[in-house]
Every structure is written in structure tokens, then in C-alpha cells.
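Take a look at the structure set out below.
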Amino acid sequence: MALLWQPVTAQTVDPVFTPAGIYNSGDVYSSLQQADGKLVVSGAYSRVNGTTTSSVVRLNTNGTLDAAFQQNLGTGVTTRGVEALSNGQLMLVSYLGVGNPIIANGVTRTGLLRLNATGTADATFDAGTGPAGGNINHAAQLANGQFIVVGSFSAFNGVTTGNIVRLNASGTVDSTFNAGSGSTDEIEGITVLPTGKILINGYFFSYNGNPANGLARLNTDGSFDPTFAAALRTNEEAAQIAVQADGRILVAGGSYDNLLRLMPDGSLDNTFAYTPTAPYPNYIYSGFASPFALQSDGKILVLSAPINASTLPSLARLNPNGTVDATFQMGTGPNGNSRTVRVLANNNILVGGSFTSFNGVTDRQLLQLTSTGAVDPAFQPIFQNNGIVAAVVRQPDGKLVIGGSFYEVGGQVSRSMARLNVNGTLDATFSSSVGISTPVVDLALQPDGRIVAATRASVQRFLATGIPDNTFTAPSLTGSTLTRLLLQADGRILVGGSAYSLNGAPANTQGLFRLMPTGAPDNSFVLNTTGSGRLTAFQAMAQQPNGKLLVAGSAIPAGGTTAIRTLVRLESTGAIDASFTGSAFTSTSATLRSLAVQPDGNVLVGGSFTAYAGTARANIVRLNPGGTLDAGFVPPTSTGTIYSVLLQPNNRILLGGSFSSANLPSNLARLLSTGAADGTYAATATPNSTVNTLLVQPDGAIVAGGTFSSLSGAPSIAAARIVATGATQIVASTLRQWCRIYVVIGPGTNGGPFSATRRADNTTIWVAPVATNVLHAAAPKAVADRTLAWPVPAHGTLTVAPDGSSHPQALDLLDVLGRTVRHQPISGAAPATLALEGLPTGTYLLRVSYTEGAVTRRIQVQ
Numbered sequence: 000m001a002l003l004w005q006p007v008t009a010q011t012v013d014p015v016f017t018p019a020g021i022y023n024s025g026d027v028y029s030s031l032q033q034a035d036g037k038l039v040v041s042g043a044y045s046r047v048n049g050t051t052t053s054s055v056v057r058l059n060t061n062g063t064l065d066a067a068f069q070q071n072l073g074t075g076v077t078t079r080g081v082e083a084l085s086n087g088q089l090m091l092v093s094y095l096g097v098g099n100p101i102i103a104n105g106v107t108r109t110g111l112l113r114l115n116a117t118g119t120a121d122a123t124f125d126a127g128t129g130p131a132g133g134n135i136n137h138a139a140q141l142a143n144g145q146f147i148v149v150g151s152f153s154a155f156n157g158v159t160t161g162n163i164v165r166l167n168a169s170g171t172v173d174s175t176f177n178a179g180s181g182s183t184d185e186i187e188g189i190t191v192l193p194t195g196k197i198l199i200n201g202y203f204f205s206y207n208g209n210p211a212n213g214l215a216r217l218n219t220d221g222s223f224d225p226t227f228a229a230a231l232r233t234n235e236e237a238a239q240i241a242v243q244a245d246g247r248i249l250v251a252g253g254s255y256d257n258l259l260r261l262m263p264d265g266s267l268d269n270t271f272a273y274t275p276t277a278p279y280p281n282y283i284y285s286g287f288a289s290p291f292a293l294q295s296d297g298k299i300l301v302l303s304a305p306i307n308a309s310t311l312p313s314l315a316r317l318n319p320n321g322t323v324d325a326t327f328q329m330g331t332g333p334n335g336n337s338r339t340v341r342v343l344a345n346n347n348i349l350v351g352g353s354f355t356s357f358n359g360v361t362d363r364q365l366l367q368l369t370s371t372g373a374v375d376p377a378f379q380p381i382f383q384n385n386g387i388v389a390a391v392v393r394q395p396d397g398k399l400v401i402g403g404s405f406y407e408v409g410g411q412v413s414r415s416m417a418r419l420n421v422n423g424t425l426d427a428t429f430s431s432s433v434g435i436s437t438p439v440v441d442l443a444l445q446p447d448g449r450i451v452a453a454t455r456a457s458v459q460r461f462l463a464t465g466i467p468d469n470t471f472t473a474p475s476l477t478g479s480t481l482t483r484l485l486l487q488a489d490g491r492i493l494v495g496g497s498a499y500s501l502n503g504a505p506a507n508t509q510g511l512f513r514l515m516p517t518g519a520p521d522n523s524f525v526l527n528t529t530g531s532g533r534l535t536a537f538q539a540m541a542q543q544p545n546g547k548l549l550v551a552g553s554a555i556p557a558g559g560t561t562a563i564r565t566l567v568r569l570e571s572t573g574a575i576d577a578s579f580t581g582s583a584f585t586s587t588s589a590t591l592r593s594l595a596v597q598p599d600g601n602v603l604v605g606g607s608f609t610a611y612a613g614t615a616r617a618n619i620v621r622l623n624p625g626g627t628l629d630a631g632f633v634p635p636t637s638t639g640t641i642y643s644v645l646l647q648p649n650n651r652i653l654l655g656g657s658f659s660s661a662n663l664p665s666n667l668a669r670l671l672s673t674g675a676a677d678g679t680y681a682a683t684a685t686p687n688s689t690v691n692t693l694l695v696q697p698d699g700a701i702v703a704g705g706t707f708s709s710l711s712g713a714p715s716i717a718a719a720r721i722v723a724t725g726a727t728q729i730v731a732s733t734l735r736q737w738c739r740i741y742v743v744i745g746p747g748t749n750g751g752p753f754s755a756t757r758r759a760d761n762t763t764i765w766v767a768p769v770a771t772n773v774l775h776a777a778a779p780k781a782v783a784d785r786t787l788a789w790p791v792p793a794h795g796t797l798t799v800a801p802d803g804s805s806h807p808q809a810l811d812l813l814d815v816l817g818r819t820v821r822h823q824p825i826s827g828a829a830p831a832t833l834a835l836e837g838l839p840t841g842t843y844l845l846r847v848s849y850t851e852g853a854v855t856r857r858i859q860v861q
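Mapping of the sequence shown onto numbering that gives the first Met the number 0: residues 0 to 861, in sequence order.
So this is what it looks like as C-alpha cells:
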């Protein structure tokens, strides 16, 4: 009987790889308490208490999620802040206008969207096209139901304005508002006074032609009130204000007086004891929410971002006269910025921000404090974002070690580094007993199984089990932001990043150093600090087989004084190799994110750029070994950034990043060795966000890590494995016939290698799903004809004679589950021998990898 073969291939998320949820801490931006005691919170997060949410939620008084409100609101809302309205409704405020709409319950609005008290969208409020030329900072409700909206916009819903507008209750512009030309620059906040007059604050120096240094008072009709004159310096910024019950005005400033108090008429209140000294003793935080909370006893809670010799932590309480209240004791307090503070009806203090620890309470970004500053343990909601995987390495047993920005994997605390089993689940036996407090930016796996990890400010080493390696003396780094690791064959460790000081040595601006295997600085590695070619900044690196080091970044060209984006090559000692003539990228703002060295010495460079040496090349370029452009490598045009370039054994080139192209799948794509798009790599497993790192397993499956949450609609948070799928249909009339042509592997729908369908003509279609890999493409038939394997069936050994003219690279033997059971590198035409001892009797797939594809053979082992 004739046989019909119908191969179909595409890429898909590996259904066997089901990674545990990888989550990081969220950020809380603003908060408010409703009359019923419930809390409305906005920020940058996607989960609250384990439930997928929008960036605004309502919590019950005990910190649990208000499920009814969440169900009504849905999960698609992204907003910067929330304003409480007098009738129980809420106004959602988007920081940006056009191009960043707020969407709730199918209602889309620009800049402002009003919610009913239940969380449903109020479609009766419509501000039209909203702000033009800028953003909204604040929207305040007036007693009559109208709204004053301020920000940095030149028009609102088509009406010319000067950063301020009054809207009717329906959202239409009130043309009777008498703001004239408005402010000369951005208005950051607005406070409606009991008299109906309006205080505006921000970074402006006049209002409708009247002098006003960052703070002005308006009459109810919007006109300038000349009876108020703020005692602020010229060109001062009043970033945030708060009006006390007695009418005095607290001002969080910008460049000069960072915290002061004014009298109701605007004059300076000299009784306020907090008198900071320049320069910048404290920057009072000026995010969307107010940095002030006023207690009924006159005490003042203040948020700040301490810098230099600051005198306040990021949350402090002042006495009514401005002195620090020593009775407010938070212990170590927050380890990051506090962004919102509120005094609650029960006199507890609500504080939220971007911190990950508050006096020993970890991974909580919204807390209640008692009046003395102690954390209330009964109130601890959890705000989370999807985690980020920045690096991945594969251990010999197939398990994957991931590093990045996360603290929870599979429901377990696992900070910045974790190990996944072969199926993607968390390996609970991997124990980083100390944990890594800052995000991991890169990983390297030593031949002895030890793991080197770089965080933003440290280099650490762990045993294969995840326990810290006490034989490694971590270097002391100050002022650095590390980005890359490179493990040399001799065990030395190259580290790249920004300017740094290593173990107390003078600051190095080149951003590159080398460590001995013990962690001690390698003093034999000395970079040039003078002359042409010297580095001034680091971006990426790769090592050639001869030990020379390619470094991408900024360097001084020959005869020049201004650094340009380019490549330099260094000797193993760090000296400049003048024989390498890397040319400049077109823009000094170009970013060079990844380097890959081909076996022929050519160099692939990925990043964000438009040209190399005057020739158009978008984000990916190939250079000859000497640094000149390889004109024969012409990739498709793309926009965005390529973060990872990985050369496959068959010379196909994997690209990961945040990019789009008319000729490539977005964010994850593959090129032929010529640079052309690889037509065999389909857009069927496209990440919805950035791919930071790539790894190809021995079986050819691709492991990707990044910021994505799905691939072509299939959920995958931060890590995924991609395989090829397809089917080869074989029409045969008997089981005996198809057994003789068993040439493909993979489980079928009936649990065996094939699934079967009986047709009307009594023939049977046997379908074998292919889940081999996405690494290899089929080699030409002529190559297959010249590839020989014997004996068949095989016993103790299998001999393979490759086609030497087609650049053979490797032999792989795969079992019926697609797992690699034997792997052997090869080159040339010499026959190679695979040992088969210990393999169970059965059918296997032999794969011979060549530069331009692979040849497969069915092998029976007896």
C-alpha cells in the first residue's frame, strides 16, 4: 500500500513544562479610607492576596479583598491614583492622557474615569479627549459636584487651557472658569479650602501673568487671588502641600526648602522648628499621594526619601512645632520609599510604598501601624506583580536555576534565585539558606556545579544545592550596578556593570573587573585608562576561544576625545588589542545588550541601534573577526531592543528581547545564518513582553526567561519552555505495516506513540505527534543520503559516518519521550561511535546535527 506522509511543524509552549508562579513585590502608590472604613488602594501590582486584580482595589478593614467590588471592576484597569467623591463614587486618575486610557467594564475614558460605589463604571461621566500635550496630576471635587483638574496640559477636550480646567459634573469643560492663560508650567496639586478658594501648587512662576513661585491661591471663579503671596524662593517648586485645621500650609518643596510651613496668608511660619539646611538634607516624597497625614492632635506624619546627610527616615512623625516626635518608634522602619500615609478612623496609621521590609515584616507593601509606630500583625494584605527572570542556567541533571527579581516561586519564598525541576515545578530541595536580598542580574554555572550569581551590587557563589559557598570571598563593591558575568575556562570570573569601587580601591569608571576563583580581585587584569580604545563604560561582553575578550560599551576612538558606542577587544590581561578595529554605532545613545561569537570568529551584536559604521542595521549586526561589518549578514528591520542573542549548533540565531518586525515574530524570533528570517520558526509561541535570556537544551527545546506573562495566549509567567509540535500522518491498512515505519516519537492521544482513526475505506490514519525540538531544521536530502549508521539493529555500540562536507556538529540519541540519552560532539567525516550499554531495548531516534540542519534515523536497540 502507498504511504502518505504529511509533516506539520510549529512552535508551542511545552505542555510538560508547567512552571510554578513566579512573583515579585508590588508597589502601592495611593490610598484612601471610605466612610464605611474600607480602603481603596492604587499602585503597580497585578495580584492582591493571591487574586488577579486591577491596579486599584478595595480592601475590607481587615485587609481582605472586597470580592464584590473586584468582580464589578474587573482586571483591566490601570491607573495612577484614586480620588474619593462625596457621594461614595470614586474618580480614577490616569497619569498620562491620550494613548493611556482607563478601561473599566467596557467603558473607556481618557485621563479620568468615574466609578460607582460598587466598582462599576459610571458611563454618564465623559471628559472627552481629555488632556493634550501632557498629563493629569490631580482632580479635586468641588462642593457643587464640579471638578478642578490640574497637570501639565495645553488643552483639555479640545479647549485651550494652561494646565488647569474646571469640569462640570458630567465631565464637560466649564467655559466660565476664569483661569486666563493659566500657569506657566506644571501644576502638581490642588486643595479646595473651606472658603471655596483654591490653592494650586507645582513648578510654575506665574499664573495668568501674575507672579507666583510654585504656590498660588485662586478665587472660586479661577481668577488669581492677589491677597495671598507665598513666601517661597524664585523658581521654587511646591511639590505637595497640606492645609492644617488652623489654615497653616505645609509645603513639601523641591530644590531649596524641602519642608516648611506657611501662615494662611502665605507668609513664612517662623514657629515651625524644622529648618533644613542646603544642599538637599531631605527630599520630601512628592508622588501622586500626599506626603503628609495630619493627626487630630496636631502631629504631622511626613514621607521623605533620605539622601546625603538627611535627618528623617522615609516615614517620620513631627510634633506640631516641627520637631521630630521621639515617641514614634518604627524600629528599622521601611527599607525603601514610603509613598502614601493616612491616619485611619481608628487612629492607626496606614502606610504603603515600594519597600520590601518594614521593621522585619517582609514582602508587605501596605501596613497598619499603631500610634506608637508598631506594625499591626492582623493587617497584612499581599500586593504582587509577576516576577522577572533575568538569567537561567541548566544543571547536568536537566534542572534549571533561574535568577531575577522575584521573592515567591510556587507559593514558597525564594528570593532572587530558585531551581526548577525538569517539568518546571519548584525544586524544594534547592536551598539558598541566606537568600539574595537584591535582584539577580546574571548567573554562571561552573564545571564543578557551583553557581556564581551577580546581583546589582554583589557577586556571590553557591554550591550546586543552593547553599552559600563559604570558600568564596565575595568582593566589596560600592557605587556599582552590575549587569553581566562571564566565567572563563580557568575559573576566573569577569564582571561588568557601571562605575564601581572594588574592595575600597579608587573608583573605576570603566565598569569591568575580574575575580580569581576565590573571589579575590585579579590584579593581573589591568584595563587601559589612557589612550585611544580605552573603555569609559561597559554594556556587554563575550570571550573568544583564544582567551581574548570582546567588550561592548563606550570607548575613546583613535584620535578622538569623545566616547562612542563601539566594541573593543582586550587581551587576557586587559590590555587593548589594537588589531581589532571596531567601528562606531550611529548614535551615542545606542545600547549594546548581547554578544555572541560564532565558531568562525564572526561576532553577533544585539541591542538597540539603527546602523553600524554608516550602514543601516537595526538592532542586530554581524561583524567579521577583525571588527568590520559582515555585509553578507542582512537581518530584517525591527524596532525595539534585542536583549539576548544565542547561536544554535546549526548556526541558526535565536533573538530575544522587546522588539517587533514585519518579518519576524515579536520578542522571540530566529534567523538563518545569512540574517534572513527563519521561515521554519513560526509566530505560534510569541511572548507578550520582554525576553531577557535564552537557553537551548540538549534536546533542542528553548528555555526563555523575561517579563512576559503569556506566550500566544498560553499563561507562562517569566519562564517558559518552547518545543516543536506537529504530526506525520501515515496511511496504512494494518498494524504490522505501520510498525515497520515507526520513525517519529512522542506520546499520542491514546497514551501510546500513535493515535489512530479508522476511515470509511477501512484504512487507518496513524498520527504521531512530534515534540522533538525547535532547534533543528531538516538537512537537505543529499546530506541525509550521505549519512550512514550501522549496525541496525544495534547492540553494544552504534557507528555513525557523517557527511564531512556539511560540517557535522553533534550526535544525539533520543528515547521515545524525546529525552536525550546520548550526546557526542563530532567534526569532519571520521566515523563516530556511540556506546549503547545500559540502554533499555526499544526504538530510538538518532539525530545527526549539521550546520544547516539535522538528519534523523530510526534506531532499534536490542
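Ideal placement from N, C-alpha and C gives every residue a C-beta, glycine not left out.
Residue i versus residue j: straight-line alpha-carbon distance, rounded
i    : j    : result
L317 : T326 : 10 Å
G863 : F461 : For the chain, the structure presents residues 0 to 861; residue 863 sits outside this window and is missing.
A244 : L300 : 15 Å
D677 : N507 : 42 Å
T355 : T437 : 10 Å
T842 : Q861 : 9 Å
A251 : R513 : 45 Å
P100 : L91  : 11 Å
N177 : T183 : 16 Å
N162 : N207 : 11 Å
V56  : I240 : 26 Å
L501 : F537 : 16 Å
L591 : A551 : 6 Å
A228 : N167 : 29 Å
A292 : S415 : 35 Å
L835 : D698 : 18 Å
G626 : S593 : 16 Å
P290 : T454 : 31 Å
G297 : L192 : 18 Å
T640 : D125 : 37 Å
Residues near residue i in its chain [Cβ-Cβ closer than 6 Å; skip 5 each side]
i    : result
N384 : N23, G25, Y44 and S45
L603 : A595, R621 and V644
G600 : P624
Identity of the residue in the options nearest residue i by Cα
i    : options                   : result
T685 : S657, V604, I197 and Q459 : S657
A237 : D224, R846 and Y202       : Y202
A668 : D698, L710 and T627       : L710
S30  : I21, S804, T640 and G62   : G62
T270 : R247, S289 and A292       : R247
N420 : L444, D125 and R393       : R393
R651 : Q597, F146, D220 and T128 : Q597
T470 : I450, F146, L485 and R455 : I450
Q542 : A504, V567, I563 and T529 : V567
Rounded distance between the beta-carbons of residue j and residue i, thought under 8 Å
i    : j    : result
V340 : L314 : 7 Å
F382 : Q367 : Actually they are not in contact, since the Cβ atoms of F382 and Q367 sit about 14 Å apart, beyond 8 Å.
M329 : G372 : 4 Å
G884 : F405 : The displayed coordinates of the chain run from 0 to 861. Any statement about residue 884 would go beyond what the structure contains.
N212 : T233 : 6 Å
Bridge-paired residues (DSSP) for residue i
i    : result
S404 : I387
T119 : T119 is not bridged to any residue.
Y642 : Its beta-bridge partners do not exist; DSSP assigns none.
R651 : Paired residue(s): none; R651 is not in a bridge.
Y611 : F584 and T614
Close Cβ partners of residue i (< 7 Å) along its chain, the five nearest in sequence each way excluded
i    : result
T855 : L844, L845 and R846
L217 : K196, I197, I199, F223 and D224
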